[in-house]
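In our numbering, the protein residues as written are 1003 to 1413.
No residue lacks a Cβ here, since even glycine has one placed at the ideal position from N, Cα and C.
What follows is a single structure, written as structure tokens, with notes after it.
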RNA sequence: GUGGGAAUAGCUCAGUAGGUUAGAGCGCCAGAUUGUGGUCCUGGAGGUCGUGGGUUCGAUCCCCAUUUUCCACCCCA
């Protein structure tokens, strides 16, 4: 009986890891452009942190966490999201005492015990950023601009930005009242699921996929209708800034987000591709969260992106070009090839040789397979004369180069 | 957590109304007078047909269970 990777987990290798590394490096570049520093928090935290941070009524906390008791009898959880840990770190290290704002990004494994699907794993990886210390719409706009820049640099175009505003606590209270009043008038026509949500989480009712229900919601109040003057101005400014940055968006009152902590701005980048359709990046403002986790009130805004979902949208065909393959014929030549390859490697070049003792022809085939720019075979003649015929694998052109000048030629 | 498909070579998939040696394409390896790749041609390796049980003279095929995967809900990134 062979042992396989667990349900909802996977090995990443080959072309996929090359693409992943490429995506990661673009993310790091973009964050550098935006002056956002990296943070790496532990893979596990006290369970309590997530109960407080994510919200104890959310699905994530109620049924999706990998929790266990360690040998010190601590109740520990593998991180199901990274915002709460980053907030914890922000408070623990008094980052708020430094020059503000505090801008952080992370790329981290994340764990949720869910039913796996395309674009959904139990161990997945999230890239996200958190900006602390600004309550202005310009911070929201900058956060969105980061996600937009990453997507654009990855050439992911079949994606659409949806934005909405939930308003502050007062607006939400106000809205909930309005919404419940509205829903109560329709309760006899709503489906059973809607009626269940109506009492538990009214915001979610409008998400119903049932067409009959959707018809009833045409005139439902939206969170936008319930915004006070300040929240309204905030949202308008965000829209202005996005327009100025030429980031196209649609206002979508249905975007409400699943986590409890959002206030004012919420947004999602939604992908539609044959391999996966749905949210690829989601976030918003969470002005109450820092306080909730145990500090003073600090405004913050951020997002999370599923790396695997990003990878589905980003399919790069151009694999890395290697610099040179040095083949050989005979034992003396093999020793020489090893020496040469090593010298080139220490100069930072990508050099490879044959490890299987193959025929010259097979070595050339290998050189072709691994996608090298140049290939050369060393044999008795080359050892004697010191002159090599280096073949350009694209044009088939051969260059006569002295064995001592290979590095020069390649650089 | 609920409901439904799928599982056959490294990959993508055919197939057998239950019958001896289970196929294709791609990939891999090797040849085409022995020191040069990519195209073409030829040959080869590689599968206990997801796993366990049952029905049967006989199961890759039918039944049950189990695991994984995909889809629709639910939820999310």
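Q: Using beta-carbon positions only, say whether residue 1286 and residue 1268 come within less than 8 Å of one another.
A: Here the question's residue 1286 lines up with position 284 in the first chain. Here the question's residue 1268 lines up with position 266 in the first chain. Yes. Within cutoff.
Q. With DSSP run on the structure shown, which of helix, strand or coil describes residue 1363?
A. By one-based count along the first chain, residue 1363 stands at place 361. Three-state result, residue 1363: helix.
**Q.** residue 1337, buried or exposed, once every other Cβ within 10 Å from all chains shown has been counted against 16
**A.** Position 335 of the first chain, counted from the start, is the residue given in the question as residue 1337. Result: exposed.
Q: Please name the residue, chosen from 1142, 1322, 1080, that lies closest to residue 1115 on a Cα-to-Cα basis.
A: As a working mapping, residue 1115 is identified with position 113 in the first chain. Residue 1080 is the option with its Cα nearest to residue 1115.
Q: Determine, using beta-carbon pairs with one atom in the segment 1083-1101 and one in the segment 1008-1018, whether at least three such pairs fall under 8 Å.
A: Contact between the segment 1083-1101 and the segment 1008-1018 is absent: fewer than three C-beta pairs spanning the two stretches fall below 8 Å.
(Q) On a Cα-Cα basis, can you pick out the residue from 1162, 1236, 1054 that is closest to residue 1261? (A) Here residue 1261 is taken as the residue at index 259 of the first chain, counted from 1. Considering only alpha carbons, the answer is 1054.
Q) What separation, rounded to the nearest whole angstrom, lies between the Cα atoms of residue 1028 and residue 1035? A) Translated into the one-based positions of the first chain, residue 1028 becomes position 26. Translated into the one-based positions of the first chain, residue 1035 becomes position 33. Computed Cα separation, rounded: 11 Å.
Q) Just how far apart, CA to CA, sit residue 1275 and residue 1143? A) Start at 1 with the first residue of the first chain, and residue 1275 comes out as number 273. Start at 1 with the first residue of the first chain, and residue 1143 comes out as number 141. For residue 1275 and residue 1143, the distance between alpha carbons rounds to 26 Å.
Q: Give the straight-line distance between the Cα atoms of residue 1136 and residue 1264, rounded to the nearest whole angstrom.
A: The residue labelled residue 1136 in the question sits at position 134 within the first chain. The residue labelled residue 1264 in the question sits at position 262 within the first chain. Using only the alpha carbons, I get a separation of about 15 Å.
Q.
What residue range does the beta strand (DSSP E) around residue 1132 cover?
A. Numbered from its first residue, the first chain carries residue 1132 at position 130. Its beta strand (DSSP E) spans residues 1125-1134.
Q) To the nearest whole angstrom, what separates the beta carbons of residue 1391 and residue 1334, a pair I think is in contact under 8 Å? A) One-based indexing of the first chain puts residue 1391 at position 389. One-based indexing of the first chain puts residue 1334 at position 332. About 18 Å separates the CB atoms of residue 1391 and residue 1334; that is not less than 8 Å, and the two are not in contact.
Q) Between residue 1166 and residue 1225, is the Cβ-Cβ spacing less than 8 Å? A) Locating residue 1166 in the first chain gives position 164, where the first residue counts as 1. Locating residue 1225 in the first chain gives position 223, where the first residue counts as 1. Yes.
Q: Enumerate, from N- to C-terminal direction, the unbroken beta strand (DSSP E) stretches of 3 or more residues contained entirely within the segment 1344-1402.
A: 1353-1355, 1374-1380, 1389-1394
Q) Would a C-beta distance cut-off of 8 Å place residue 1306 and residue 1169 closer than the cut-off? A) Taking the first chain and counting its residues from 1, one reaches residue 1306 at position 304. Taking the first chain and counting its residues from 1, one reaches residue 1169 at position 167. No, the Cβ-Cβ distance between residue 1306 and residue 1169 is not below 8 Å.
Q. Between the segment 1318-1331 and the segment 1345-1352, do three or more beta carbon pairs fall short of 8 Å?
A. Taking a cut-off of 8 Å for Cβ pairs, the segment 1318-1331 and the segment 1345-1352 touch, as three or more such pairs fall below it.
Q) Looking only at C-alpha atoms, which of 1160, 1022, 1073, 1118 sits nearest to residue 1251? A) The residue labelled residue 1251 in the question sits at position 249 within the first chain. The shortest Cα separation from residue 1251 among 1160, 1022, 1073, 1118 belongs to 1160.
Q) In terms of residue numbering, what span does the beta strand (DSSP E) encompassing residue 1111 cover? A) Numbered from 1 along the first chain, position 109 holds the residue referred to as residue 1111. Per DSSP, residue 1111 belongs to the beta strand (DSSP E) from 1104-1113.
Q. Given residue 1277, which residues of its chain have a CB within under 7 Å of its CB, disregarding the five upstream and five downstream residues?
A. Translated into positions along the first chain, residue 1277 becomes position 275. Cβ neighbours of residue 1277 beyond the five flanking positions: 1120, 1314.
Q. CA-CA distance, residue 1155 and residue 1186?
A. By 1-based counting over the first chain, the position of residue 1155 is 153. By 1-based counting over the first chain, the position of residue 1186 is 184. So the two alpha carbons sit approximately 47 Å from each other.
Q) Among all the DSSP beta bridges, which residues are the ones paired with residue 1324? A) Counted from its first residue, the first chain places residue 1324 at position 322. Answer is 1374, bridged to residue 1324.
Q) residue 1165 lies in the beta strand (DSSP E); which residues open and close that run? A) Position 163 of the first chain, counted from the start, is the residue given in the question as residue 1165. 1161-1167 is the extent of the beta strand (DSSP E) around residue 1165.
**Q.** Extent of the continuous alpha helix (DSSP H) run through residue 1414
**A.** With the chain represented from 1003 up to 1413, any question about residue 1414 goes unanswered, as that position is not in the structure.
Q: Following the continuous alpha helix (DSSP H) through residue 1065, name the residue where it begins and the one where it ends.
A: Mapped onto the first chain, residue 1065 falls at position 63. Run containing residue 1065: 1061-1065, per the alpha helix (DSSP H) assignment.
(Q) Let me check one thing: in DSSP terms, what residues is residue 1121 bridge-paired to? (A) Counting from one through the first chain, the residue named residue 1121 turns up at place 119. Residue 1121 is not bridged to any residue.
Q) When you compare each of 1134, 1069, 1122 to residue 1098 by their alpha carbons, which one comes out closest? A) Residue numbering aside, residue 1098 sits at position 96 when the first chain is read from its first letter. Per the Cα distances, 1134.
Q: Determine the closest residue to residue 1050 out of 1063, 1039, 1396, with distance taken between C-alpha atoms.
A: Here residue 1050 refers to the residue found at position 48 of the first chain. Cα-wise, what sits closest to residue 1050 is 1063.
**Q.** Beta-carbon contacts of residue 1400 that lie in its chain and below 8 Å, excluding the five residues immediately before and after
**A.** The sequence position of residue 1400 within the first chain is 398, counting from 1. Scanning its chain for C-beta atoms nearer than 8 Å, with the 5 sequence neighbours on each side dropped, one finds around residue 1400 the residues 1391, 1392, 1393, 1394, in chain order.
Q. Is residue 1382 closer than 8 Å to residue 1332 when the C-beta atoms are compared?
A. Position 330 of the first chain, counting from 1, holds the residue named residue 1332. Position 380 of the first chain, counting from 1, holds the residue named residue 1382. Contact: yes.
Q.
By DSSP's criteria, residue 1080 is part of a beta bridge. Which residues make up the other side?
A. Counted from its first residue, the first chain places residue 1080 at position 78. Answer is 1046, 1068.
Q) Would you say residue 1316 and residue 1032 are within 8 Å of each other, going by their C-beta atoms? A) The count along the first chain starts at 1 and reaches residue 1316 at position 314. The count along the first chain starts at 1 and reaches residue 1032 at position 30. Not in contact: residue 1316 and residue 1032 (Cβ atoms no closer than 8 Å).
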